[in-house]
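See structure below.
Residue numbers (this note's numbering), protein chains in the order written: chain P, 1 to 225; chain X, 1 to 121.
See below:
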């Protein structure tokens, strides 16, 4: 089992550890477009690059990737993991042209899940969780219907959408949405109705405290959204 | 910006420049401790142990976990937005129009995705 209770210096809510465990296990499972070993390799690349984030990209110790992933996939895992301020449309379009839009979105979903869990461990003062053992199996290669263009670099869900755009950014790969946003609900937003309330009683911290942290982390990453 | 909306909801006045300044409290309870904690984790500085200790002592264990969780998950959320080029929500753009330029947000790469980019500084 990952994220065991006795690893934490102070108790962590059960719903949070449950979400972390489920999403961590998901990384090792066959996805929609990538196999389990490929997904774990993506997570490993993103982690290794992000650990060296204080160094400029050209100065990082990378060694041999030791993975069958394509050069473009390796580059994407590293760049999204460690250098989010350097992502732009031209780069994304070139990457998507080679990987495909849905495989790109799934790759991003694996990276963001890994980064969020790793950053949580760093904040808690514990070692990063060991990456999951990859499971055997083939990707499902199922592409959802009702995807469209809202100006993002990838198609997203366009039918009956009432929530924040970021919540549909990964919707081209519904399994990726489930994996990452399970953690979002447990670690930040709660339910959709909780999120819409400006005064929170479902979290021990007051919402302005939570949003100050959110704003500062976003600004440190120069995230406009 | 949900920081302002959530502060307005409890009748508090927030200083939004805390989003872009180091160790600023923004008028939020324990704000300077929270922002210093976030900065140390995101930047992976040598201050991270001290910042974490200060956060734990100030906030207590329950709120400390919430702070760590927020820092963790937003490191993921910013990458969701910036790896997909998802445009900002119209209502958010409207509500932040007065502060985005002042705080420098419009010069960030991701501003292009929402059609409001200024030339980089």
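Each residue gets a CB set at the ideal place from its N, CA and C atoms; glycine is no exception. Note that this is a predicted model, so its numbers are computed, not measured.
From the options, residue whose alpha carbon lies closest to that of residue i
| i | options | result |
| --- | --- | --- |
| residue 52(P) | 64(X), 50(X), 42(X), 60(X) | 42(X) |
| residue 18(X) | 32(X), 47(X), 59(X), 8(X) | 32(X) |
| residue 42(P) | 26(P), 55(P), 54(P), 5(P) | 26(P) |
| residue 58(P) | 38(P), 152(P), 6(P), 82(P) | 82(P) |
| residue 34(P) | 198(P), 84(P), 102(P), 20(P) | 102(P) |
| residue 243(P) | 108(P), 93(P), 183(P), 160(P) | The first residue shown for chain P is 1 and the last is 225, placing residue 243(P) beyond what the model contains. |
| residue 204(P) | 2(X), 62(X), 13(X) | 62(X) |
| residue 50(X) | 161(P), 200(P), 198(P), 122(P) | 122(P) |
| residue 61(P) | 118(P), 36(P), 5(P), 45(P) | 45(P) |
| residue 71(P) | 94(P), 155(P), 222(P), 144(P) | 94(P) |
| residue 119(P) | 64(P), 48(P), 1(P) | 48(P) |
| residue 218(P) | 27(X), 39(X), 30(X), 11(X) | 39(X) |
| residue 161(P) | 147(P), 40(P), 153(P), 154(P) | 147(P) |
| residue 185(P) | 144(P), 167(P), 208(P) | 167(P) |
| residue 11(P) | 48(X), 60(X), 115(X) | 60(X) |
| residue 131(P) | 39(P), 145(P), 7(P) | 39(P) |
| residue 22(P) | 183(P), 97(P), 197(P) | 183(P) |
| residue 56(P) | 151(P), 142(P), 79(P) | 79(P) |
| residue 93(X) | 110(X), 116(X), 71(X) | 116(X) |
| residue 159(P) | 169(P), 145(P), 152(P) | 145(P) |
| residue 89(P) | 198(P), 154(P), 174(P) | 154(P) |
Span of the alpha helix (DSSP H) around residue i
| i | result |
| --- | --- |
| residue 14(P) | 14–28 |
| residue 161(P) | Run containing residue 161(P): none; DSSP gives neither H nor E here. |
| residue 58(X) | 48–84 |
| residue 37(P) | 36–51 |
| residue 79(P) | 71–82 |
| residue 135(X) | Here chain X comprises residues numbered 1 to 121, so residue 135(X) is not present and cannot be evaluated. |
| residue 91(P) | 89–99 |
| residue 100(X) | 90–103 |
| residue 31(X) | 31–43 |
| residue 166(P) | It is not in any alpha helix (DSSP H) - residue 166(P) carries neither H nor E in the DSSP assignment. |
| residue 179(P) | 174–184 |
| residue 2(X) | 2–9 |
| residue 218(P) | 207–220 |
| residue 195(P) | 192–196 |
Supposed close pair residue i, residue j - CB separation, criterion 8 Å
| i | j | result |
| --- | --- | --- |
| residue 125(P) | residue 9(P) | 6 Å |
| residue 99(P) | residue 73(P) | 6 Å |
| residue 85(X) | residue 113(X) | 4 Å |
| residue 105(X) | residue 3(P) | Not really, about 34 Å apart at Cβ, beyond 8 Å. |
| residue 23(X) | residue 36(X) | 4 Å |
| residue 127(P) | residue 117(P) | Not quite, the Cβ-Cβ distance comes to about 12 Å (not below 8 Å), so this is no contact. |
| residue 1(X) | residue 95(X) | 7 Å |
| residue 187(P) | residue 73(X) | 4 Å |
| residue 34(X) | residue 209(P) | 6 Å |
| residue 87(X) | residue 151(P) | 5 Å |
Residue-chain proximity (residue i, chain A), Cβ-Cβ < 9 Å
| i | result |
| --- | --- |
| residue 11(P) | Absence of chain A from the displayed structure is noted, the protein chains being P and X. |
Interface positions of the stretch 80–92 of chain P facing chain X (Cβ-Cβ less than 7 Å), listed along the chain: For the stretch 80–92 of chain P, which is checked against every Cβ of chain X, the residues closer than 7 Å are 80, 84, 85, 87, 88, 89, 92.
Residues of the stretch 27–38 of chain X whose Cβ lies closer than 8 Å to any Cβ of chain P, in chain order: Answer set for the stretch 27–38 of chain X: 28, 29, 30, 31, 34, 35, 37, 38.
Given 8 Å, three or more beta-carbon pairs between the stretch 3–17 of chain P and the stretch 2–17 of chain X: The stretch 3–17 of chain P, when compared against the stretch 2–17 of chain X, does not touch it at the 8 Å Cβ threshold.
Residues in the stretch 33–58 of chain P having any Cβ partner in chain X nearer than 7 Å: Cβ contacts with chain X: 53, 54.
The stretch 198–213 of chain P touching the stretch 168–179 of chain P, judged by at least three CB pairs closer than 8 Å: By the Cβ test, the stretch 198–213 of chain P is not in contact with the stretch 168–179 of chain P, since fewer than three Cβ pairs between them sit closer than 8 Å.
Segment contact, 8 Å Cβ cut-off, at least three pairs: the stretch 72–85 of chain X with the stretch 25–34 of chain P: Fewer than three beta-carbon pairs drawn from the stretch 72–85 of chain X and the stretch 25–34 of chain P are found closer than 8 Å, and the two stretches are therefore not classed as touching.
Within 9 Å of chain X by C-beta, residues of the stretch 104–132 of chain P in sequence order: Correct list: 104, 105, 107, 108, 109, 111, 112, 113, 114, 115, 116, 117, 118, 119, 120, 121, 122, 123, 124, 125.
Cβ pair count under 8 Å reaching 3, the stretch 101–115 of chain P against the stretch 58–69 of chain X: Result no; under three Cβ-Cβ pairs closer than 8 Å.
The stretch 209–224 of chain P: positions lying closer than 8 Å to chain X by Cβ: Those would be 209, 210, 211, 212, 213, 214, 215, 216, 217, 218, 219, 220, 221, 222, 223, 224, in chain order.
Residues from the stretch 150–183 of chain P in contact with chain X, defined by Cβ distance under 8 Å: For the stretch 150–183 of chain P, which is checked against every Cβ of chain X, the residues closer than 8 Å are 150, 151, 152, 153, 154, 156, 164, 165, 166, 168, 169, 170, 180, 183.
Given 8 Å, three or more beta-carbon pairs between the stretch 131–138 of chain P and the stretch 100–119 of chain X: The count of Cβ pairs closer than 8 Å, one atom from the stretch 131–138 of chain P and one from the stretch 100–119 of chain X, stays below three, leaving the stretches out of contact.
Any 3 or more C-beta pairs closer than 8 Å across the stretch 45–56 of chain X and the stretch 184–204 of chain P: Not touching, per the Cβ criterion.
Short-range partners of chain P found in the stretch 69–102 of chain X, where Cβ spacing is below 7 Å: Taking 7 Å as the Cβ-Cβ cut-off against chain P, the residues of the stretch 69–102 of chain X that qualify are 69, 70, 71, 72, 73, 74, 75, 76, 77, 78, 79, 80, 81, 82, 83, 84, 85, 86, 87, 88, 89.
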